[in-house]
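Numbering (this note's numbering), first residue to last: 109 to 529. See below for the structure under consideration.
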């Protein structure tokens, strides 16, 4: 199946889907807390369902009640079968940190894409903590970890994936001892770690920020806590961009106080010249405006890169997106994938090591787009197709189910001419 997109004019209101990042953390922390936790309005996407299946494999009781999930946790153990995390990097990384604190061996695998993504820095850190790790020479999945960990101090790079740090922090209380995490390079995507720390605090565990990393004090345990998952600013960015480029779109179900780093996209739109209205109920309306170029660091919000690049093609002047070298190791090489589909659509774009340079505005035209199975490439290309002359044909549109299963339906409801082929 493919998706055909035609130039369209969008108008209306749509609710942002639940946050993928918050859902992962809510499911995992509920599994670690002794007792019953209710996670309300989570995202039921392919990645988060992989996490839900995994915590059940580790021994948590999982029940779905309507739009809520009830998890009874606190007694996890190494399972007798391999945990398949499918395409979810968050699942395999954070759960590896959890499994490292359990007695016995836990094995992990995933699809071809996940098995090519970096794991070695995390596995090396777990080995430093006394965990036995068995993995391929490149340190990717499939791998197994045999715990429990015995160390109280660990060193790890901070510039490859914030998920590595979240994995160490979330798993630490299971060991009962203090854990000091020393970062050997600057931390990128810091808001995701702050999101982890906030979620842990909600469940009764404190993390202290230190001069070179983080400290999890000893003798802490997770307690059950009800969690209502808020809207996803990462997914909302595609809706906002569609409004800025092709009409007028209002997005609801967003909390301005949420620590998600990708809410910076709203400020970026304002700085580039889009029309942005903040409503008293927390919703945000975005419409077209005279867009102009800027230099934009995405070090704390790398997931915004594909849609920010689409936006930049319509800005007057030269836009530089930088600070996101770790995008090379996502579901696809997102810098290369983004540059490829935008170049095919007529954009003047040049890759750099950590981003790209785009000269605009450029009239876009329809093209055949390869998503490489990457949900953010699929959605960014679909938004680009809304302002392109002719037909844009996108392969594997179903990959958006990883983070935003209703993306196409929501866009159609706003007036987008999108049809499955």
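In this text, a Cβ means the ideal position worked out from N, Cα and C, and glycines have one as well.
Cβ shell of residue i (< 8 Å), same chain only, five flanking positions each side left out
i: residue 523; result: 116, 117, 118, 119, 120 and 355
i: residue 122; result: 347, 357, 358, 359, 360, 518, 521 and 522
i: residue 309; result: 315
i: residue 185; result: 166, 167, 210, 211 and 212
i: residue 495; result: 115, 353, 354, 422 and 472
Cβ shell of residue i (< 6 Å), same chain only, five flanking positions each side left out
i: residue 409; result: 369, 370 and 372
i: residue 217; result: 190, 192, 249 and 250
i: residue 282; result: 209
i: residue 419; result: 349
Between the CA atoms of residue j and residue i - distance to the nearest angstrom
i: residue 464; j: residue 174; result: 44 Å
i: residue 269; j: residue 518; result: 31 Å
i: residue 442; j: residue 482; result: 8 Å
i: residue 232; j: residue 240; result: 10 Å
i: residue 343; j: residue 151; result: 12 Å
i: residue 305; j: residue 499; result: 45 Å
i: residue 458; j: residue 385; result: 32 Å
i: residue 514; j: residue 502; result: 16 Å
i: residue 252; j: residue 422; result: 47 Å
i: residue 401; j: residue 335; result: 40 Å
i: residue 171; j: residue 516; result: 28 Å
i: residue 447; j: residue 478; result: 12 Å
i: residue 404; j: residue 380; result: 10 Å
i: residue 388; j: residue 326; result: 42 Å
i: residue 224; j: residue 182; result: 32 Å
i: residue 264; j: residue 427; result: 33 Å
i: residue 147; j: residue 163; result: 14 Å
i: residue 491; j: residue 242; result: 42 Å
i: residue 132; j: residue 398; result: 38 Å
i: residue 489; j: residue 180; result: 40 Å
i: residue 497; j: residue 525; result: 13 Å
i: residue 436; j: residue 257; result: 31 Å
i: residue 199; j: residue 438; result: 14 Å
Cβ neighbours of residue i in the same chain (closer than 7 Å, five flanking residues each side left out)
i: residue 154; result: 194, 195, 509 and 510
i: residue 454; result: 470, 471, 472 and 473
i: residue 313; result: 281, 328 and 330
i: residue 259; result: 236, 237 and 238
i: residue 275; result: 201, 202, 204, 205 and 230
Selected residue, minimal CA-CA separation from residue i, among the options
i: residue 324; options: 204, 262 and 379; result: 262
i: residue 460; options: 449, 429, 487 and 467; result: 429
i: residue 213; options: 188, 260, 290 and 437; result: 188
i: residue 114; options: 515, 475 and 507; result: 475
i: residue 383; options: 352, 446 and 340; result: 352
i: residue 221; options: 480, 288, 513 and 486; result: 480
i: residue 413; options: 148, 135, 529 and 485; result: 485
i: residue 296; options: 433, 449, 255 and 336; result: 433
i: residue 126; options: 337, 242 and 277; result: 337
i: residue 288; options: 271, 320 and 272; result: 320
i: residue 530; options: 494, 137 and 406; result: Since the first and last residues shown for the chain are 109 and 529, residue 530 lies out of range.
i: residue 298; options: 242, 260, 254 and 317; result: 317
i: residue 247; options: 234, 256, 228 and 255; result: 228
i: residue 137; options: 303, 254 and 398; result: 303
i: residue 292; options: 257, 279, 300 and 273; result: 273
i: residue 124; options: 529, 301 and 391; result: 391
i: residue 255; options: 207, 271, 278 and 226; result: 207
i: residue 277; options: 322, 142, 215 and 159; result: 322
i: residue 142; options: 110, 341 and 333; result: 333
Terminal residues of the alpha helix (DSSP H) in which residue i lies
i: residue 493; result: 483-493
i: residue 243; result: That residue, residue 243, is in no alpha helix (DSSP H); its beta strand (DSSP E) goes 240-243.
i: residue 156; result: 154-165
i: residue 368; result: Where residue 368 is concerned, there is no enclosing alpha helix (DSSP H), given that its DSSP letter is neither H nor E.
One or two residues paired with residue i in a DSSP bridge
i: residue 126; result: 339
i: residue 528; result: 111
i: residue 171; result: 178
i: residue 216; result: 191 and 251
i: residue 148; result: 176 and 336
i: residue 395; result: 356 and 383
i: residue 457; result: 466
i: residue 118; result: 355
i: residue 501; result: 112 and 476
i: residue 261; result: 288
i: residue 211; result: 255
i: residue 324; result: 287
i: residue 279; result: Bridge partners of residue 279: none, in fact.
Endpoints, beta strand (DSSP E) assigned at residue i
i: residue 288; result: 287-291
i: residue 383; result: 383-386
i: residue 301; result: Not the beta strand (DSSP E): residue 301 falls in the alpha helix (DSSP H), residues 298-310.
i: residue 358; result: 355-360
i: residue 437; result: Run containing residue 437: none; DSSP gives neither H nor E here.
i: residue 428; result: 425-430
i: residue 197; result: Not the beta strand (DSSP E): residue 197 falls in the alpha helix (DSSP H), residues 197-207.
i: residue 415; result: First-last for residue 415: 413-420, but that is the alpha helix (DSSP H), not the beta strand (DSSP E).
i: residue 405; result: 403-405
i: residue 316; result: 316-318
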